[in-house]
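Q: Everything in the sequence shown is counted per my numbering, starting at 1 for the first residue and increasing by one.
Take a look at the following structure, please.
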Amino acid sequence: MSSARAIPRPRDERRRVSERCLTPGEIALAGAMFGEAIDYGAVRIARRRWAFFQPANVVMAPRGTIHFHPRGASYRDDFACAPLDLQGLFIHEMCHVWQHQRGVFLPLARHPFCRYHYSFVPGWPLKRYGIEQQAEIVRHAFLIRAGCAVPGAPALESYETLLSAFRI
Numbered sequence: 001m002s003s004a005r006a007i008p009r010p011r012d013e014r015r016r017v018s019e020r021c022l023t024p025g026e027i028a029l030a031g032a033m034f035g036e037a038i039d040y041g042a043v044r045i046a047r048r049r050w051a052f053f054q055p056a057n058v059v060m061a062p063r064g065t066i067h068f069h070p071r072g073a074s075y076r077d078d079f080a081c082a083p084l085d086l087q088g089l090f091i092h093e094m095c096h097v098w099q100h101q102r103g104v105f106l107p108l109a110r111h112p113f114c115r116y117h118y119s120f121v122p123g124w125p126l127k128r129y130g131i132e133q134q135a136e137i138v139r140h141a142f143l144i145r146a147g148c149a150v151p152g153a154p155a156l157e158s159y160e161t162l163l164s165a166f167r168i
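As structure tokens, then:
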């Protein structure tokens, strides 16, 4: 009888196992909203918490990797094949990836009282809205493009003007 214990994997190896690149379908899904404004090769999807305080039902993308809590219900192996609401969540989080890649340090930019709700203001560029509002605007545009009704949302044309921020 052996008293040998299993040798734990090094932290870097555990990280690789719980992390993946975007699928071709996810790149196409995000590309329909963000065009070439995101470096898709740099994006990772992690099935682990970003920080100890991340609740199971919360997804976080503070530094260019989208973190799904391992006990959460939102993770999918390919969001391109997911239901529309989860595709919308993926698009919301990809907006945070876009913000990160544009130089926004999200852990400091996202204060505890960030508002998700927004009032559409004609003439305002996307950058005038808060970081969570930007992500919701992009998610709502995605859902409206897919034929969903978003209560209180303006016409798709209004969103298309804001999305010109992604045409670089």
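Note that beta-carbon positions come from the ideal geometry of N, C-alpha and C, so glycine has one too.
For clarity, every value in this text was computed on a predicted model and none was experimentally measured.
Any idea what DSSP makes of F120, helix, strand or coil?
A: Of the three classes helix, strand and coil, the one that applies to F120 here is coil, per DSSP.
Q: Using three-state DSSP, classify A46 as helix, strand or coil.
A: strand
Q: Here's a check: name, in chain order, each residue in its chain whose Cβ is nearer than 7 Å to the Cβ of E13, leaving out the five neighbours to either side.
A: At E13, the pLDDT of 47 sits below 50, so the modelled position is not reliable and the matter cannot be decided from this model.
Q: Pick out the complete alpha helix (DSSP H) segments inside the stretch 119-148, 4 residues or longer, and give them in chain order.
A: List check, alpha helix (DSSP H) in window: 131-145.
Q: By Cβ distance, which residues of its chain are closer than 7 Å to I144, with the 5 residues on each side in sequence left out?
A: V150, A153, L156 and Y159
Q: Helix, strand or coil for H69? Go by DSSP, reduced to three states.
A: DSSP, read as helix, strand or coil, puts H69 in coil.
Q: Can you tell which of L84, A56 and P62 has the C-alpha that lies nearest to the C-alpha of G72?
A: When only C-alpha atoms are compared, the closest one is A56.
Q: Within 10 Å of its beta-carbon, does G88 have 16 or more other beta-carbons around it, so buried, or fewer, so exposed?
A: buried
Q: Assuming I66 and V104 form a contact by the criterion Cβ under 8 Å, report the distance between their Cβ atoms to the nearest whole angstrom.
A: I66 to V104, Cβ: 15 Å. No contact.
Q: How far does the alpha helix (DSSP H) with E160 in it reach, from first residue to last?
A: L156 to L162
Q: For S74, which option in A165, T23, F34 and E93 has the closest C-alpha, if you only look at C-alpha atoms?
A: E93
Q: Give me whichever residues DSSP pairs with C95 in a beta bridge.
A: According to DSSP, C95 bridges with nothing at all.
Q: In angstroms with no decimal places, state the Cα-to-Cα distance between A141 and A28.
A: Computed Cα separation, rounded: 16 Å.
Q: Under a three-way DSSP split, which group does E36 fall into?
A: coil
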